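The sequence shown begins at 0 in numbering that gives the first Met the number 0 and counts up by one.
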Amino acid sequence: MHRRALVTGGAGFIGSHLAEALLSEGLEVRVLDNLSMGKRENVPDGAELVEGDVCSADDVRGSLKGVDIVFHEAARVSIRSSIKEFYDDAETNLMGTLNVLKCLPGTDVRKLVYASSMAVYAEAPSPEPINETYATVPISPYGISKLASEMYCMQFSRTTGIDCHALRYFNTYGPRQTPSPYVGVITIFTHRLLDGEAPVIFGDGEQKRDFVYVGDIARANLAAMRSDIARRIFNVGTGIPTSVNQIAKLLRGEIAPDIEVRHADEHPGELRYSVADVSRITRELGFRPSTRLEERIGEVVEFCRSSRQPGGESGGS
Ligand SMILES: NC(=O)c1ccc[n+]([C@@H]2O[C@H](COP(=O)([O-])OP(=O)(O)OC[C@H]3O[C@@H](n4cnc5c(N)ncnc54)[C@H](O)[C@@H]3O)[C@@H](O)[C@H]2O)c1
Numbered sequence: 000m001h002r003r004a005l006v007t008g009g010a011g012f013i014g015s016h017l018a019e020a021l022l023s024e025g026l027e028v029r030v031l032d033n034l035s036m037g038k039r040e041n042v043p044d045g046a047e048l049v050e051g052d053v054c055s056a057d058d059v060r061g062s063l064k065g066v067d068i069v070f071h072e073a074a075r076v077s078i079r080s081s082i083k084e085f086y087d088d089a090e091t092n093l094m095g096t097l098n099v100l101k102c103l104p105g106t107d108v109r110k111l112v113y114a115s116s117m118a119v120y121a122e123a124p125s126p127e128p129i130n131e132t133y134a135t136v137p138i139s140p141y142g143i144s145k146l147a148s149e150m151y152c153m154q155f156s157r158t159t160g161i162d163c164h165a166l167r168y169f170n171t172y173g174p175r176q177t178p179s180p181y182v183g184v185i186t187i188f189t190h191r192l193l194d195g196e197a198p199v200i201f202g203d204g205e206q207k208r209d210f211v212y213v214g215d216i217a218r219a220n221l222a223a224m225r226s227d228i229a230r231r232i233f234n235v236g237t238g239i240p241t242s243v244n245q246i247a248k249l250l251r252g253e254i255a256p257d258i259e260v261r262h263a264d265e266h267p268g269e270l271r272y273s274v275a276d277v278s279r280i281t282r283e284l285g286f287r288p289s290t291r292l293e294e295r296i297g298e299v300v301e302f303c304r305s306s307r308q309p310g311g312e313s314g315g316s
């Protein structure tokens, strides 16, 4: 049984949903976030926010007091900008992770759950779901830093006995995704359509992704927390391929059927096919994704709409 959790990046999109889920399980929750992308108002009532940096040993050590489990979510989350800004990416995503590891020995922490990504995988030839043994040859600096971090976490776990799971999240969607031109096609298209602008599809739009609801990602983390299997890597997705064209169609239907899409050149570093085989997490942790995209996409639209009202949920944009 764990009693107090640290969620790094807990003022961000996934971290804040995870913090909520942990509170509802009866844990005490502390969030460490530098608010570079996250927002104070995302941190749920009942969780303590420590404003600080995962790259600072003082900030991490200070936030670990009394903590027995760490969920490391803090990162610079952009495949596209990692190509130019590879140094900054590695500084936060790799060195920040190593700093967290360095601070764990001598604390009460018994388990680390690391937020990894589908970006660790090599290009797949088709949208067939891939499992955790698929080749890991990342095509972006972001994927490289996520893969290296995973490997450090596992090696660290073997030598210290502090348990570790790495969860490879696929494309996560849901309310509270931080609006940015680079991350989260559903949130990006929603905001463009609400602005009366055409969603821009890079390439032919037939690239297929696995869109997983943020509440399912939070549940997968709870399953990893409860597990007594040692040192394991799990895909977290749905196993269902959805094209970017389908996303645009769904959102146009919800918001503005008359707005046509625009196409632009593809970006390097982004996988064409990225679909999770989730049989390992289902078999070993008893986790099944329970949410269908068509049922939840309206929730994202509603959230984005309300966050644009003055005084709306995320303070306007
Ligand atoms: N969103 C996705 O589709 C997706 C997919 C795969 C993996 N992931 C991983 O999930 C995790 C959470 O992503 P998210 O989508 O919630 O992104 P997010 O940007 O909403 O959250 C990341 C949080 O980390 C904080 N942060 C960044 N640098 C920091 C630093 N140096 N010190 C302290 N805090 C810092 C930000 O302020 C933000 O609140 C990340 O590790 C990301 O790589 C996300």
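Just so you know, even glycine gets a beta-carbon here, dropped at the ideal spot from N, CA and C.
Nothing here was measured: the structure is a model prediction, and the numbers come from that model.
Distance from the Cα of residue 218 is smallest, within the candidate group 0, 23 and 5, for 23. If you draw a 10 Å sphere on the C-beta of residue 64, you find fewer than 16 other C-beta atoms in it, and that means exposed. Contact between residue 241 and residue 210 is confirmed by a C-beta separation of about 5 Å, below the 8 Å threshold. With a cutoff of 8 Å on beta-carbon distance, residue 165 and residue 93 are scored as not near each other.
Between the alpha carbons of residue 1 and residue 193 lies a gap of roughly 43 Å. Ranked by Cα distance from residue 18, the options 35, 73, 195 and 57 are led by 73.
DSSP places residue 162 inside the beta strand (DSSP E), whose first and last residues are 162-168.
For residue 12, the Cβ falls inside the 7 Å cut-off from some heavy atom of ligand 1.
The continuous beta strand (DSSP E) containing residue 32 extends over residues 27-32. Using a Cβ distance threshold of 8 Å, residue 172 and residue 78 do not count as a contacting pair. In the DSSP annotation of this structure, residue 96 is not part of any beta strand (DSSP E); the continuous alpha helix (DSSP H) holding it starts and ends at 95-102. If you check the C-beta of residue 298 against ligand 1, you find no heavy atom less than 7 Å away. Our two residues, residue 279 and residue 195, have alpha carbons roughly 42 Å apart in a direct line.
Secondary-structure assignment with DSSP links residue 233 through a beta bridge to 166. By the criterion of at least three beta-carbon pairs nearer than 8 Å, the segment 85-105 is not in contact with the segment 200-208. When DSSP reads this structure, residue 47 sits in a beta bridge with 29. In the same chain as residue 98, and ignoring 5 residues on each side of it, the C-beta atoms closer than 7 Å to its own belong to 53, 54, 56 and 59, in chain order.
Secondary structure note for residue 145: its alpha helix (DSSP H) is the uninterrupted segment 140-159.
A contact between stretches requires three or more CB pairs, one per stretch, nearer than 8 Å, and the segment 289-305 fails this requirement with the segment 261-279.
Distance between residue 215 and residue 288, taken at the CA atoms: about 6 Å. Note that the C-beta distance between residue 188 and residue 198 is below 8 Å.
Here DSSP, grouped into helix, strand and coil, assigns residue 115 to strand. Relative to residue 170, the option among 114, 51, 154 and 143 whose CA is nearest is 114. The DSSP-derived three-state label of residue 239 is coil. Between ligand 1 and the CB of residue 214, the shortest heavy atom gap is not smaller than 7 Å. For residue 75, the closest of 162, 286, 305 and 145 by C-alpha to C-alpha distance is 145. The residue among 128, 119 and 127 with its C-alpha nearest the C-alpha of residue 134 is 119. Beyond the five residues adjoining it in sequence on each side, residue 48 comes within less than 6 Å, by CB distance, of 30 and 42 in the same chain, given in chain order. About 5 Å separates the Cβ atoms of residue 66 and residue 3, confirming a contact at the 8 Å cut-off.
Residue 190 carries a helical assignment under DSSP once its states are collapsed to helix, strand and coil.
Under the three-state reduction of DSSP output, residue 272 falls in the strand class. Within the same chain, 14, 32, 37, 72, 73 and 74 come within 7 Å of residue 8 by CB-CB distance, once the 5 residues on both sides are set aside.
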